[in-house]
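Asker:
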Amino acid sequence: MFELKERDGLARICELTTPHGTVTTPVLLPVVNPNYLTITPKEMKDRLGVQMVITNSYIIRGTEALRERAESKGVHELLGFDGPVMTDSGTFQDHVYGDVKVGHREIVMFQSAIGSDIGTILDVFSEPEFTREEAKEAVDETLRRAKESVPLRGEMLLAGTVQGGIYPDLRELCAREISALDCGVHPIGGVVPLLENYRFKDVAEVIIASKKGLDPSRPVHLFGAGHPMMFPLAVLLGCDMFDSASYAKYAREDRLMYPTGTRFLGDLHDLACHCPACVRTSVQELKQMPRSDRTKLLAEHNLHVSLAEIRSVKNAIHEGSIWEMAEMRARAHPALLDALRALRKHKEYLEQFEPTSRRGAFFYCGPESYHRPTVARYQERYFARYRRPSAKVLVGFEEGEKPYSRAYAKEIAAVSQKTDAAFLVASFFGPAPLELDEFYPIAQSVIPKEFDAEVREGMNEVMERHAHSHGYPLAVMWEGEETLRFLSDMVPGTASGRDPDIARCRAVLDMQFGKGAGDVLDGRKVEIVKSERTGKIRNVIIDGVHALSMRAADGRFSPRLEGGRMLKEHLPPPRMRVKIEDEPAEFAAKGNNVFAKFVLDCDPEIRPGDDVLVVNTRDELVAVGRALMNREEMLAFKRGISVRVKDSSE
Ligand code: GUN
Ligand code: ZN
């Protein structure tokens, strides 16, 4: 069982339940070689906080003493580890040595017999240099073996590996077909040669293609990615599990892993690490130690650092900064930067999982930040949903301090005395009308005062598009007093009595719920309650009922049930709706959260974090709340909450 707890885009914190307990993902499984225990699994658990380990059933089976012990006492007893154990099948040995002689059924039955929690099929390793035909054969044979393995899994969760070489269509096809089988985990295989050769861009392409085909409710394991340098990017793209043999392998070669790359012990002036293995020793002491002691300490360091990076990744998911983390870490190696840059081609896919707002601000880390899905979404929604006020002229300002309405208050007041103008900032995100200056991510962003050329170019292109489509009779950029004189000559008059608060509500409603949602305010008595401290809109009372609350954190509306009712009339089905079975709808009506398994359908435009309408099969509104998932996820997950209910009918 796999349950979503928190998420940031495709990155997610989940609970994976196995016969030997539940682990929290993203998780790193140290590889345990039962012939060669650098650090014992018990030490890993007690001293390093390791949740789950992975070992190789092919090696166990091929070593008489290990095999007997595993068959009589089980793999947990063999390793001295009472937490979940995953086993691999021999595919990798076949890739390295090419002489694996075990049947695919046999090895799955063996893994089940020794009590493995997650056993892996004997997939066919698809090499990066494979031709299409060869890769297709590997996929077909992997799928055939997977199908024949399912009935043999017993209590064990089956890991059905995605293969397909570097062919995105084959990866997606393999992923789709293997997802249809009763598998508990989906590793992405065949990537070790790519990782070894720093072909991170290809790895990213392989992950994305695989994720597109995979059932989103299944955990994804990136086979053989044991370097912490890779974790943030892989998690950003939806990987949940990693295994590391590298911690021990690197240690044997006197190499230390860091989130920012690898260093030879001989090249270091200082260990520059606070892990328990490093604080007790120095570069000099390490160099003079007997080899086996040194290897053990370096292995511990490597593992500590890797586990710590996984913990940092979890923090980033929790605070909504996984993009920032991946962008910062991409500086560890130019090949990682290439991988990061390759993501801009996949914005449309990634956008589907991107939350509508986050806990933290959008934090600029470099020109790549401009290509995050959040930026593209803002622009797309602006052009599709925003409706301009009926002013005679548009006055534009340069990007500046936030919120813009405060930063440009003086100029706005001066212009408004001379003419009927609307205001907009040529912002980092695109055209930002004054009414949207508190809407996420416009205000909740930290960006430099000077932009990189690439960003400037992007911003100019968007403003160019805006210039052709804004629809105002006249538009000017603010250039001081001169602009004021020009406006009083060209379009004399005064603001036509538009209420800026109502304009803000309309704009936010349209952007948040779709074009037309703002009409909910038309022909009604609208009262606005503001925060005394901040002056920001807090509540909107429509015809005497508290219909909407505006969140201070993201400038978006959290509708009350009454507000949901009113909005529903302006939003034809399936807009903003999550349709659930009638019986659970009665629970939701009492204020209970909506579980994914009860969702019958939902608006494909719903994104995580959206405020949604929960309806029953007759399209009757029972509750309003915030979605934790998009449509594809709501329909796939069998466990966990899909909508956190905020207000309900009973
Ligand atoms: N370990 C590293 N890569 C692979 C792979 O592609 N398949 C399996 N089963 N194990 C691996
Ligand atoms: Zn250390």
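Just so you know, the working numbering puts 487 at position 470 of the sequence shown, and the rest follows in order with no gaps.
C-beta atoms are modelled at their ideal positions from N, C-alpha and C, and glycine is treated no differently.
1. Name the DSSP bridge partner or partners of T279?
2. Could you have a look at C619 and say whether DSSP puts it in helix, strand or coil?
3. Given the structure, does S263 come close to the ligand GUN, in the sense that its CB is under 7 Å from one of the ligand's heavy atoms?
4. Just the C-alpha distance for E452 and N556, rounded to the nearest angstrom, thanks.
5. Does the Cβ-Cβ distance between A352 and P406 come in under 8 Å?
6. Can A221 and A426 be called in contact, C-beta distance under 8 Å?
7. When you measure from the CB of L187 to every non-hydrogen atom of the ligand ZN, does any distance come out below 7 Å?
8. Let me see if you follow: with CB-CB separation under 8 Å, is E326 close to chain C or not?
9. Please enumerate, following chain order, all residues with a beta carbon closer than 6 Å to at least one heavy atom belonging to the ligand GUN.
10. How many whole angstroms separate the CB atoms of M593 and F530, which I take to be in contact at a CB cut-off of 8 Å?
11. How long is the line joining the alpha carbons of S323 and A28, rounded to whole angstroms?
12. Here's the rule I'm using: 16 or more other beta-carbon atoms within 10 Å means buried, otherwise exposed. How should K118 be labelled?
13. Going by other Cβ atoms of all chains shown within 10 Å of its Cβ, with 16 needed for buried, is G52 buried or exposed?
14. What are the residues that DSSP puts in a beta bridge with N50?
15. Would F281 be called buried (16 or more neighbouring beta carbons within 10 Å of its own) or exposed?
16. When the Cβ atoms of the stretch 237–250 are set against those of the stretch 205–219, are three or more pairs found closer than 8 Å?
17. Output needed for K419: all residues of its chain with C-beta closer than 6 Å, excluding positions within five of it in sequence on either side, in chain order.
18. Just how far apart, CA to CA, sit P621 and I554?
19. Taking 7 Å as the cut-off, is the C-beta of L288 nearer than that to any heavy atom in the ligand ZN?
20. If you drop the 5 nearest sequence neighbours on each side, which residues of the same chain put their C-beta closer than 7 Å to that of G447?
21. Please report how far the alpha carbon of V67 lies from the alpha carbon of L630, in whole angstroms.
22. For P698, I'd like the list of residues in its chain whose CB is within less than 7 Å of its CB, leaving aside the five on either flank, ordered along the chain.
23. With a threshold of 8 Å on Cβ separation, who are the neighbours of L501 within its own chain once the five nearest residues in sequence on each side are excluded?
24. If you pair each beta-carbon of the stretch 248–258 with each one of the stretch 229–239, do three or more pairs fall below 8 Å?
25. Relative to the C-alpha of E20, which candidate in V202, G136, L169 has its C-alpha closest?
26. Select from R188, S129, A294 the residue whose C-alpha is nearest the C-alpha of L65.
27. I'd like to confirm something about A316: is its beta-carbon nearer than 7 Å to some heavy atom of the ligand ZN, or not?
28. Between R361 and H321, how many whole angstroms is the CB-CB distance? I'm expecting something under 8 Å.
29. Helix, strand or coil for C200 per DSSP?
30. Would you mind reading off the limits of the beta strand (DSSP E) that contains F574?
31. Have a look at I334, G181, V296 and flag the residue whose alpha-carbon is nearest the alpha-carbon of L250.
32. Give the range of the alpha helix (DSSP H) segment to which N477 is assigned.
33. Does the beta-carbon distance from G120 to L175 come in below 8 Å?
34. Should M18 and T34 be called a contact, given that it needs their Cβ atoms to be closer than 8 Å?
35. Could you check if H244 belongs to the surroundings of the ligand ZN, using beta carbon to heavy atom distance under 7 Å?
36. Any heavy atom of the ligand ZN closer than 7 Å to the beta-carbon of V684?
Answerer: With the structure as the only source:
1. M274
2. strand
3. no
4. 16 Å
5. no
6. no
7. no
8. The question asks about chain C, but that chain is absent: this structure has only one protein chain.
9. D105, S106, T108, F109, T137, D140, F142, T178, G206, G207, V209, F240, G241
10. 6 Å
11. 18 Å
12. exposed
13. The amino acid occupying residue 52 in the given sequence is Asn; Gly does not appear at that position. N52 comes out exposed.
14. Y53
15. exposed
16. yes
17. A460
18. 30 Å
19. yes
20. Y395, Q396, Y399, V479
21. 41 Å
22. No answer is possible for residue 698: the residues shown for the chain start at 18 and end at 667.
23. A431, V432, K435
24. yes
25. V202
26. A294
27. no
28. R361 to H321, Cβ: 34 Å. No contact.
29. coil
30. 574–576
31. I334
32. 470–486
33. no
34. yes
35. no
36. The requested residue 684 is not part of the displayed model; the chain covers only 18 to 667.
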